[in-house]
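What follows is a short report on a single structure.
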Amino acid sequence: MKAIQIEEFGGPEVLRYVDLPEPTAQPGQLLIDVDACGVNYADTHAVEDSYLSRSKLPMVPGGEVVGRTADGRRVVALTATGGYAEKAVAWEAMATEVPDAVSDEAALALVVQGLTAWNLLRTSARLQPGESVVVHAAAGGTGSLAVQLAKRFGAGRVIATASTKEKRDLALELGADVAVDADPEDLKSRLEEANGGKKVDVVLEMTGGPVFDASLAALAPFGRLVTYGLASREEPKPITAGALMGHSRAVVGFWLMHVLGKPALHAEPMAELLALVAEGVLRPQLGGVYPLAEAARAHEDLRGRRTTGKLVLKPR
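Take the position in the sequence shown, starting the count at 1, then add 2; the result is the number in my numbering.
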């Protein structure tokens, strides 16, 4: 079968389009004939071996696929690795059947990014009706869903950030109340101004570095900053207990791996998200479809902030 493999760690240049033996499903696993595989920012970290879990060589990247099982079921599934291929294996508990009304691309947008957005708001931030929410990278795969879900979950004001006018316009179209430039310079002031001169209640943050610092400074008492990525590859400034206590604010970390195997945080939200998409209520944004052979270009575009929404690789 055709697949993308890496034999050394690095940037997009280490992604190689190769022929490999088909994987074999073990008891409790499904062999999936892959129709499409999703690209996530975490994949760029995995290829560098700079993610929360360590990577091992040689490796076929990719943590999500949609396709058909041997018995003909159409499923979307999380895979530890191995997604960038014509065939992949996944544990049966990590696979969800996809309704006919939901496209491959939409299903892929939900299994990592949709679940992340849902849990950021519900589980980690514990969003309350009427609270203000800042969504960074609001035109991206997770951000574009978080904007829509925040409104649906009762946010009083959704403040989107994005790097270009086109991306900010998309966030407004998806339901954000206001969209501001994502540049870290004076970001704290722009967030507070966008919230009517008041500090904000919730921030969903995946950039790190000075964006994290500005977001934390913009938090109101009892506000929650949920960090779920480090796209800038810059660590924020150290945080002391006194700084948190003195402002009654919280920093919460989120990693999707910790919801797996917990039906209330995984299976039930997936069913809810798929139903919302099937009903036309939730609109995942498709950011681009690439041939599997051009996975390196997809990584280059993602790292270069040239994309919006969900990126997808097509094996055929």
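Heads up, the beta-carbon is just placed ideally off N, CA and C, and yes, glycines get one too. The structure displayed is predicted, hence computed values, not measured ones.
Here residue 4 is bridged, per DSSP, to 21. Counting along the chain, residue 143 sits inside the alpha helix (DSSP H) bounded by residues 143–154. Taking the C-beta atoms as reference points, residue 317 is found no nearer than 8 Å to residue 284. The beta carbon of residue 11 sits closer than 8 Å to those of 49, 50, 51, 57 and 59, all from its chain and outside the five residues before and after it, given in chain order. Residue 85 counts as buried, since at least 16 other C-beta atoms from the protein chains shown sit within 10 angstroms of its C-beta.
Secondary structure of residue 265 (DSSP, three-state): coil. The three-state reading of DSSP puts residue 93 in strand, counting E and B together. Closest in C-alpha terms to residue 65, from the list 44, 77 and 261, comes 44. Contact between residue 17 and residue 298 is confirmed by a C-beta separation of about 4 Å, below the 8 Å threshold. Counting only unbroken stretches of 4 or more residues, the alpha helix (DSSP H) elements lying wholly within the region 232–285 are 243–249 and 269–280, in sequence order.
In the DSSP assignment, residue 51 falls outside any beta strand (DSSP E) and carries neither an H nor an E. In this chain, the alpha helix (DSSP H) harbouring residue 118 covers 117–121. Taking C-beta separations shorter than 6 Å and ignoring five residues to either side along the sequence, the partners of residue 205 in its chain run 136, 217 and 227, following chain order. When C-beta atoms of the region 181–200 are compared with those of the region 96–106, fewer than three pairs fall below 8 Å, so the two segments do not count as touching. Less than 8 Å divides the Cβ of residue 286 from the Cβ of residue 147. Taken in chain order, the unbroken stretches of beta strand (DSSP E) that lie wholly in the region 158–188 and span 3 residues or more are 159–164 and 180–183. Beta-bridge partners assigned by DSSP to residue 207: 229. Contact check for residue 33 against residue 25 passes: the beta carbons are separated by less than 8 Å.
The Cβ atoms of residue 104 and residue 280 lie closer than 8 Å to each other.
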